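S.K.: In the working numbering, the protein residues as written are 8 to 162. No residue lacks a Cβ here, since even glycine has one placed at the ideal position from N, Cα and C. Note that the structure is a prediction, hence the values are computed from the model and not measured. Submitted below is the structure of interest, expressed as structure tokens.
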Amino acid sequence: MVGVTRALVILVVLASIAGCAGRADRTDTAVLTIATDRGAVTLRVEVADEPAERARGLSGRESLPADAGMAFLWDEPVRARFWMKDTRIPLQIAFWDERGRILAILDMEPCRASPCPTYGPDRPFLGAAEANTGWFTEHGVAVGDRVRLGRSDDG
Numbered sequence: 008m009v010g011v012t013r014a015l016v017i018l019v020v021l022a023s024i025a026g027c028a029g030r031a032d033r034t035d036t037a038v039l040t041i042a043t044d045r046g047a048v049t050l051r052v053e054v055a056d057e058p059a060e061r062a063r064g065l066s067g068r069e070s071l072p073a074d075a076g077m078a079f080l081w082d083e084p085v086r087a088r089f090w091m092k093d094t095r096i097p098l099q100i101a102f103w104d105e106r107g108r109i110l111a112i113l114d115m116e117p118c119r120a121s122p123c124p125t126y127g128p129d130r131p132f133l134g135a136a137e138a139n140t141g142w143f144t145e146h147g148v149a150v151g152d153r154v155r156l157g158r159s160d161d162g
């Protein structure tokens, strides 16, 4: 009887852990709209607004849909750097400030040697968005353009 009870307790604990792990892997999505000189462009993004999500980023991805990316958000401006450890695809990143103005757009290559290079605007920023390499350039996005993030209901 003790063995059955112990097995049942272990099963309940494992089910609880599995349920929590599933929720942790679900990421909210949003639409990032950028007002450019050529008009508005949109990027569908996964939202990384928790430390673990921001740390994981797009690492391990083999590909990214054409108009998709990831937005990294903070509650207040930060000075931070990004790296491409375990990221398999080249990316482009745009950083914006608390007014939604793009501060910098940088190209990032997968890390091939240690230590990995780091990327950042060298000034405080409130958010950043990663997309396929060249996406911001190809869509006419430039420093000074405005960013607006709208949360999605289907994330």
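Which residues in the same chain have their Cβ closer than 7 Å to the Cβ of Thr-140, if we skip the five residues on either side of it in sequence?
M.R.: As a working mapping, residue 140 is identified with position 133 in the sequence shown. So the list reads Pro-97, Leu-98, Gln-99 and Asp-114, once near-sequence residues are dropped.
S.K.: What does a CB cutoff of less than 7 Å around Leu-110 pick up in its chain, not counting 5 residues either side in sequence?
M.R.: Within the sequence shown, residue 110 is the residue found at index 103, counting from 1. Once the five neighbours on either side are set aside, the close Cβ partners of Leu-110 are Phe-102, Trp-103, Asp-104, Pro-128, Arg-130, Phe-132 and Val-150.
S.K.: Going by CA-CA distance only, name the one from Asp-152, Ala-138, Thr-144 and Tyr-126 that's closest to Ala-78.
M.R.: As a working note, residue 78 is residue 71 in the sequence shown. Closest option to Ala-78, Cα to Cα, is Ala-138.
S.K.: For Glu-62, report the span of its alpha helix (DSSP H) as first-last.
M.R.: The sequence position of residue 62 within the sequence shown is 55, counting from 1. Per the sequence shown, the amino acid found at residue 62 is Ala instead of Glu. 58-63 is the span of the alpha helix (DSSP H), which, as asked, contains Ala-62.
S.K.: Helix, strand or coil for Leu-21? Go by DSSP, reduced to three states.
M.R.: Translated into the one-based positions of the sequence shown, residue 21 becomes position 14. Low confidence applies here, because Leu-21 scores a pLDDT of 33, under 50, leaving its location unreliable; read the following figure in that light. DSSP places Leu-21 in helix when its eight states are reduced to three.
S.K.: So what does DSSP say about Thr-40, is it helix, strand or coil?
M.R.: Translated into the one-based positions of the sequence shown, residue 40 becomes position 33. It is a strand residue.
S.K.: If I'm right that Ala-136 touches Gly-76 with Cβ under 8 Å, what's the distance once you round it to whole angstroms?
M.R.: Residue numbering aside, residue 136 sits at position 129 when the sequence shown is read from its first letter. Residue numbering aside, residue 76 sits at position 69 when the sequence shown is read from its first letter. Yes, they are in contact, since the Cβ atoms of Ala-136 and Gly-76 sit about 5 Å apart, within 8 Å.
S.K.: Using the Cα positions of Arg-63 and Cys-118, report the straight-line distance between them to the nearest angstrom.
M.R.: Start at 1 with the first residue of the sequence shown, and residue 63 comes out as number 56. Start at 1 with the first residue of the sequence shown, and residue 118 comes out as number 111. Arg-63 and Cys-118: Cα-Cα distance of roughly 15 Å.
S.K.: State the Cα-Cα distance for the pair Gly-107 and Val-154, rounded to the nearest angstrom.
M.R.: Here residue 107 is taken as the residue at index 100 of the sequence shown, counted from 1. Here residue 154 is taken as the residue at index 147 of the sequence shown, counted from 1. Their Cα atoms are separated by approximately 5 Å.
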